[in-house]
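Undergrad: Chains as they are written, first to last, in the working numbering: chain A, 372 to 936; chain B, 21 to 86.
Glycine included, C-beta positions come from ideal geometry on N, C-alpha and C.
Encoded as structure tokens, here's the structure I'll be asking about.
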């Protein structure tokens, strides 16, 4: 059948950017600057979407310009000794260094895009953060409206309320994507010479606080729309490699979220106290110490932790309030409604529960941010080994600045119509189901499996049972997913992604039979030296899932290399 | 309760419907006003509340977040 008959709309472009956040907007804007025809598909509305929807108070990872790989490693060691949180062991080190080394170049590019980086006195304000290294404090309540305006001004074709569902390939090269309009239900085919995935990581395989079996189950710290794992799932289904999917982040389950936003005191460099519930002070950011928390979970002592600002003088309190305005204005309102006084009340977190798949896991990329699938790039939080704003912006600008080299050599994308037709049937199926299972019910079942059978402290038998249950849940209920309208179709397609990611996560947890970083196996409590520097890769090959350990790429740059941008 | 629209103040500008990252609002074509259509999906981010030019939207925490 002709493509025109299958698709409600066909969009032709040089570059498709999936997701209009802190990485996607820079990638789209910069690629357009090089004269390319760029299309940006955003699931929500670019002006208020993604992790920065409500604003951000910090530009994290603002390492000095012109640092060498050696200096960069020194910096990381200085705030994360012997651990290198999110650092080189989990990504191609060359790419990882490049995204850090270009963080301050990205600041200048952001300013050109129309994003406010300076304070009212005309200066940028560096700030020392207790857990992320150097960064800038920014008044970024309106970073998203500013970015969205910048992107439109550069002539990017922005498709709002458009969810990209699957990638299209031809002879092992990306040729575009299928998408749905979440308001009208239109089935869209986007023909593109290259695709840049700029989505977030994935939280929705894991329950938020509080996981009551009732409603409002999107109580995540980061934008729930972004963290459904869309980018990872579409990349995996198209044949690109994901890595480190066994690693999961802990410490971000905030029961009092939006009452006292977690980031604000830390991002202001304010020495908050971390307490147990009887007031004993705990040191540091315990969420990252996997083994200790595995022990706590094994003993059933899943206790809350508290953050307190009550010992701090007034000027600190004022600074925190300014940070609220920058990042989560609604905090003031909700705190007032609840009678919560951030000066005297403690803020509750569940530090030792898994919070999301983030930082280490993601789409594995080479030094030029290309995935194992030619023509498919990734930027921002969906990259393996990324976690902060500067990395997102820098990766976006770097890809936008160089993607014309690939696009100009690429041939016209050829679309496999039979494939599009079958993808259309799969994607739109929930619209035709009667009396089926609603997306949120199925998603909650997946999250509960990950909570019960994976968690922090993992073991063979439990993981196998989790995988078995997930498999039967998928077989029985995925075909029964019902969507009453295009809005629910978006949710149904998200559940499909959430299920794919949960499956990859459990398979990876089973495969890594050792304890390493954020992956703890009760049955293999020590690190296996033969797996030093070995990354766990997963990909789909001829319809079969392949999982294997491979040594990560070595650093390709000499110790005294300097980035020229 | 998530976002709640006070229709006496609402001017039907559509900002909440346009901007909500969770697509919680739908548009009532007949009356030309926004409606809270998917309230259980509310993230309580407050974007509708902060962007509403008439402060016609209130947002409070539900019991399940306590």
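Would you mind sorting residue 367 of chain A into buried or exposed? The rule is 16 or more other CB atoms within 10 Å of its CB.
TA: Shown here, chain A extends from 372 to 936; a query on residue 367 of chain A therefore has no answer.
Undergrad: Quick check on this structure: which residue in B:36, B:84, B:61, B:85 has the alpha carbon closest to the alpha carbon of residue 55 of chain B?
TA: By one-based count along the second chain, residue 55 of chain B stands at place 35. Cα-wise, what sits closest to residue 55 of chain B is B:36.
Undergrad: Let me see if you follow: with CB-CB separation under 8 angstroms, is residue 717 of chain A close to chain B or not?
TA: Walking along the first chain from the start, residue 717 of chain A turns up at place 346. Residue 717 of chain A does not count as touching chain B.
Undergrad: By Cβ distance below 7 angstroms, which residues in the same chain neighbour residue 459 of chain A in space, the five residues on each side in sequence not counted?
TA: Along the first chain, read from residue 1 onward, the residue named residue 459 of chain A stands at position 88. With a pLDDT of only 47 at residue 459 of chain A, under 50, the local geometry of the prediction cannot be trusted, and no value is derived from it.
Undergrad: With burial defined as no fewer than 16 other Cβ atoms inside 10 Å of the residue's Cβ, what is the status of residue 754 of chain A: buried or exposed?
TA: Counting from one through the first chain, the residue named residue 754 of chain A turns up at place 383. The residue in question, residue 754 of chain A, is buried, as its Cβ has 16 or more Cβ neighbours within 10 Å.
Undergrad: For residue 566 of chain A versus residue 550 of chain A, is the C-beta distance shorter than 8 angstroms?
TA: Mapped onto the first chain, residue 566 of chain A falls at position 195. Mapped onto the first chain, residue 550 of chain A falls at position 179. Their beta carbons are not under 8 angstroms apart, which means residue 566 of chain A does not touch residue 550 of chain A by this criterion.
Undergrad: Between the beta-carbon of residue 469 of chain A and the beta-carbon of residue 935 of chain A, is there less than 8 angstroms?
TA: In the first chain, counting from the first residue as 1, residue 469 of chain A sits at position 98. In the first chain, counting from the first residue as 1, residue 935 of chain A sits at position 564. The answer is no: Cβ separation not under 8 angstroms.
Undergrad: Kindly indicate which three-state DSSP category residue 490 of chain A falls into: helix, strand or coil?
TA: Reading the first chain from its first residue, position 119 is the one you call residue 490 of chain A. Correct three-state label for residue 490 of chain A: coil.
Undergrad: Find the residues of chain A that neighbour residue 38 of chain B, judging by a C-beta separation of less than 7 angstroms, and give them in chain order.
TA: The residue given as residue 38 of chain B occupies position 18 in the second chain. Those are 416, listed as they occur along chain A.
Undergrad: Is it a yes or a no for the stretch 568-576 of chain A touching the stretch 390-399 of chain A, going by three-plus beta-carbon pairs under 8 angstroms?
TA: Counting Cβ pairs under 8 angstroms, three or more are found: they touch.
Undergrad: Helix, strand or coil for residue 80 of chain B, going by three-state DSSP, please let me know.
TA: By one-based count along the second chain, residue 80 of chain B stands at place 60. Note: residue 80 of chain B maps to coil in three-state DSSP.
Undergrad: With a threshold of 8 angstroms, are at least 3 pairs of Cβ atoms found where one atom belongs to the stretch 858-877 of chain A and the other to the stretch 814-822 of chain A?
TA: The answer is yes - the stretch 814-822 of chain A touches the stretch 858-877 of chain A, with three or more Cβ pairs under 8 angstroms.
Undergrad: Compute the distance between the beta-carbons of residue 784 of chain A and residue 562 of chain A, then report whether it is under 8 angstroms.
TA: Residue numbering aside, residue 784 of chain A sits at position 413 when the first chain is read from its first letter. Residue numbering aside, residue 562 of chain A sits at position 191 when the first chain is read from its first letter. Closer than 8 angstroms, so yes.
Undergrad: Rounded to whole angstroms, how far is the Cβ of residue 486 of chain A from the Cβ of residue 514 of chain A, which I believe are closer than 8 angstroms?
TA: Here residue 486 of chain A is taken as the residue at index 115 of the first chain, counted from 1. Here residue 514 of chain A is taken as the residue at index 143 of the first chain, counted from 1. Yes, they are in contact, since the Cβ atoms of residue 486 of chain A and residue 514 of chain A sit about 6 angstroms apart, within 8 angstroms.
Undergrad: Throw me the rounded Cβ distance for the residue 919 of chain A and residue 902 of chain A pair, which I believe falls under 8 angstroms.
TA: Start at 1 with the first residue of the first chain, and residue 919 of chain A comes out as number 548. Start at 1 with the first residue of the first chain, and residue 902 of chain A comes out as number 531. With a Cβ gap of about 12 angstroms, residue 919 of chain A and residue 902 of chain A do not count as contacting.
Undergrad: Roughly how many angstroms separate the alpha carbons of residue 544 of chain A and residue 742 of chain A, rounded to a whole number?
TA: Along the first chain, read from residue 1 onward, the residue named residue 544 of chain A stands at position 173. Along the first chain, read from residue 1 onward, the residue named residue 742 of chain A stands at position 371. Going by the C-alpha atoms only, they are around 11 angstroms apart.
Undergrad: Comparing the C-beta of residue 127 of chain B with each C-beta of chain A, is any distance below 8 angstroms?
TA: There is simply no residue 127 of chain B to check, as chain B begins at 21 and stops at 86 in what is shown.
Undergrad: Hey, which unbroken runs of the beta strand (DSSP E) at 3 residues or more fall wholly within the stretch 848-929 of chain A?
TA: As far as the stretch 848-929 of chain A is concerned, its whole beta strand (DSSP E) runs of at least 3 residues are 905-912, 915-922.
Undergrad: Since residue 593 of chain A contacts residue 614 of chain A with CB under 8 angstroms, what's their CB separation in whole angstroms?
TA: Working through the first chain from its first residue, we reach residue 593 of chain A at position 222. Working through the first chain from its first residue, we reach residue 614 of chain A at position 243. The pair is not a contact, with the Cβ atoms about 21 angstroms apart (cut-off 8 angstroms).
Undergrad: From residue 932 of chain A to residue 449 of chain A, what distance separates their C-alpha atoms?
TA: On the first chain, position 561 is the one that residue 932 of chain A refers to. On the first chain, position 78 is the one that residue 449 of chain A refers to. Cα to Cα, the separation comes out at about 20 angstroms.
Undergrad: What do you reckon, are the CB atoms on residue 64 of chain B and residue 483 of chain A nearer than 8 angstroms?
TA: One-based indexing of the second chain puts residue 64 of chain B at position 44. One-based indexing of the first chain puts residue 483 of chain A at position 112. In this structure, residue 483 of chain A does not lie closer than 8 angstroms to residue 64 of chain B by Cβ.
Undergrad: Count the other C-beta atoms from every protein chain shown that fall within 10 angstroms of the C-beta of residue 682 of chain A, then say buried if there are 16 or more, exposed otherwise.
TA: Taking the first chain and counting its residues from 1, one reaches residue 682 of chain A at position 311. Classification for residue 682 of chain A: exposed.
Undergrad: Whole-angstrom Cβ separation of residue 603 of chain A and residue 734 of chain A, contact assumed at under 8 angstroms?
TA: Here residue 603 of chain A is taken as the residue at index 232 of the first chain, counted from 1. Here residue 734 of chain A is taken as the residue at index 363 of the first chain, counted from 1. Right, their Cβ atoms sit about 6 angstroms apart.
Undergrad: Output needed for residue 418 of chain A: all residues of its chain with C-beta closer than 6 angstroms, excluding positions within five of it in sequence on either side, in chain order.
TA: Working through the first chain from its first residue, we reach residue 418 of chain A at position 47. Hits under 6 angstroms: 515, 516, 519.
Undergrad: Residue 552 of chain A lies in the beta strand (DSSP E); which residues open and close that run?
TA: For the purposes of this step, residue 552 of chain A is identified with residue 181 of the first chain, where counting begins at 1. 544-552 is the extent of the beta strand (DSSP E) around residue 552 of chain A.
Undergrad: Looking only at its chain, what residues have a beta carbon closer than 8 angstroms to the beta carbon of residue 407 of chain A, apart from the 5 residues adjacent to it on each side?
TA: Residue numbering aside, residue 407 of chain A sits at position 36 when the first chain is read from its first letter. If we look at residue 407 of chain A and ignore the five residues flanking it on each side, its Cβ neighbours are 385, 386, 774, 775, 778.
Undergrad: Hey, is residue 424 of chain A's beta-carbon within less than 8 angstroms of any beta-carbon in chain B?
TA: As a first step, residue 424 of chain A is located in the first chain; it is residue number 53 there, counting from the start. So, interface residue.
Undergrad: Between which two residues does the beta strand (DSSP E) carrying residue 438 of chain A extend?
TA: If you number the first chain from 1, residue 438 of chain A lands on position 67. From DSSP, residue 438 of chain A is part of no beta strand (DSSP E); its letter is neither H nor E.
Undergrad: Using CA atoms only, rank isn't needed, just tell me which of A:402, A:740, A:511, A:882 is closest to residue 905 of chain A.
TA: If you number the first chain from 1, residue 905 of chain A lands on position 534. With distances taken between Cα atoms, residue 905 of chain A lies closest to A:882.
Undergrad: Taking the alpha helix (DSSP H) that residue 817 of chain A belongs to, which residues open and close that run?
TA: Position 446 of the first chain, counted from the first residue, corresponds to residue 817 of chain A. Unbroken alpha helix (DSSP H) run through residue 817 of chain A: 810-824.
Undergrad: Measure from the alpha carbon of residue 414 of chain A to the alpha carbon of each residue in A:374, A:600, A:745, then state which is nearest.
TA: Translated into positions along the first chain, residue 414 of chain A becomes position 43. With distances taken between Cα atoms, residue 414 of chain A lies closest to A:600.
Undergrad: Output yes or no for whether 8 angstroms exceeds the beta carbon distance between residue 736 of chain A and residue 749 of chain A.
TA: Within the first chain, numbered from 1, the residue matching residue 736 of chain A stands at position 365. Within the first chain, numbered from 1, the residue matching residue 749 of chain A stands at position 378. A contact, by the Cβ cut-off of 8 angstroms.
Undergrad: Am I right that residue 744 of chain A and residue 540 of chain A are in contact with their C-beta atoms under 8 angstroms? What's the rounded C-beta distance?
TA: Sequence index remark: in the first chain, residue 744 of chain A carries index 373 (1-based). Sequence index remark: in the first chain, residue 540 of chain A carries index 169 (1-based). The Cβ separation is near 7 angstroms, so the contact holds.
Undergrad: Taking just the CA atoms, how far does residue 447 of chain A sit from residue 421 of chain A?
TA: Counted from its first residue, the first chain places residue 421 of chain A at position 50. Counted from its first residue, the first chain places residue 447 of chain A at position 76. Roughly 27 angstroms between the two C-alpha positions.
Undergrad: Given residue 523 of chain A, which residues of its chain have a CB within under 7 angstroms of its CB, disregarding the five upstream and five downstream residues?
TA: Reading the first chain from its first residue, position 152 is the one you call residue 523 of chain A. For residue 523 of chain A, where only same-chain residues beyond five positions count, the Cβ hits under 7 angstroms are 529.
Undergrad: Mind reading off the beta-carbon distance from residue 605 of chain A to residue 560 of chain A? Whole number of angstroms is fine, and I expect it under 8 angstroms.
TA: Within the first chain, numbered from 1, the residue matching residue 605 of chain A stands at position 234. Within the first chain, numbered from 1, the residue matching residue 560 of chain A stands at position 189. Contact flag wrong, Cβ pair sits at about 14 angstroms.
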